[in-house]
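One structure is given here, and the rest of the page talks about it.
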Amino acid sequence: MIDVTPTSRQPNREPWTLDRLYHERAIALGLAIDPNTNTTYTSALNSFITFVKIHGFPIEPTEETLSLFAVFMSAHINPRSVNSYLSGICNQLEPYFPDVRARRNSPLVTRTVAGCMRRYGTPVRRKRPICEDDIIQVIDDIGQSTAHDDRLFLSMLTTGRDGLLRLGEMTTSDTVAFRSSRKLTLRHTQPTAAPTPRIFLRLPLLLCDALFPLNRELWLRSNGAVPTCAWFITRLKAYFPHDVAGQSLRAGGATSLAEAGVPPNVIQGIGRWASDAFQIYIRKNPVLLQAMLFGRPVHQPPAAAPL
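Using the numbering used here, you'd call the opening residue of the sequence shown number 129 and step up by one each time.
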């Protein structure tokens, strides 16, 4: 038996019973994914169970069954969603079939999904980014309004775009069961590091300070409730009915930074993207973007420096 080293300073902790260990582990496993994600994965599993039942297949997710499921679903939904369905099935069935992910990544399944993408795939239609002219349009309409909800919407619109915020960082879920206080953005004042007297950076929410001085939430409506996603989208659609959505805020901010010449790695850091997936949010053709930044076509060499 390996003993603890003599110099170790391990604190004295009471041992747990086996029942408590199992109980705590069960809680941890239940919190491994977000409830909203769990609902999506459960929906994918229900689709798979329905598929195997109506076709008389066993419930075990074999390579054959998964590939046939991909073909069947691609004929009924966007084939891009099939990958998400397969991920949800793997997550839900992995405790019962530990090698389900290996089967999902097998050549048969991956090639089947790729073939369905080529057969049933449709062009991606992304919502356009919110540009500065759109912000000015909203400011011209409610910029002078004294209504709390008008100022709240305008603050969320400008802050979300310039800060590359996700809509979920400013709103709460429309579904009550998915709401969590841990996801709410709280008020915070950050003093600068300069030796001068403290300067507090504050968002333009003075009405919130007056109406709810003791509330911790940063975004609050006039009735004291945290704005929901549906509330913000409804206000947004009043100005831009068809061609914008929640992701238009991040897309507009990322595109604006790219047009200003901000390096891609800085844009990625501002938006807190973990990968280079942020590039799809820059809704500007790279050729046009280069011409805007440098004032010349892509293939035109830079002008020689004057002697």
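All C-beta atoms, glycine included, are put in the ideal place defined by N, C-alpha and C.
Reduced DSSP secondary structure (H/G/I, E/B, other) of threonine 133: coil
Contact set for leucine 146: own chain, Cβ-Cβ below 6 Å, skip 5 residues either direction: none
Sub-8 Å separation of glutamate 297 and threonine 313 beta-carbons: yes
Glutamine 272 burial status per 10 Å Cβ neighbour count (16 or more: buried): Exposed: under 16 other Cβ atoms inside 10 Å.
Tryptophan 347 classed as buried or exposed, judged by whether at least 16 other C-beta atoms fall within 10 angstroms: buried
Segment limits, alpha helix (DSSP H) that includes phenylalanine 180: The amino acid at residue 180 is misidentified as phenylalanine; the sequence shows valine. DSSP places valine 180 in the uninterrupted alpha helix (DSSP H) bounded by 163 to 183.
Stretch-stretch touch, CB-based, cutoff 8 Å, three pairs: the stretch 216 to 228 with the stretch 253 to 264: no
Three-state class that DSSP yields for leucine 314 in the structure shown: DSSP places leucine 314 within a strand segment (E or B) once states are collapsed to three.
Status (buried if at least 16 other CB within 10 Å, exposed otherwise) for alanine 203: exposed
Cut-off 6 Å between Cβ atoms - residues of its own chain near alanine 95, not counting five sequence neighbours on either side: An answer regarding residue 95 cannot be provided, because it is not within the stretch 129 to 435 covered by the chain.
Local conformation of leucine 146 per DSSP, three classes: helix
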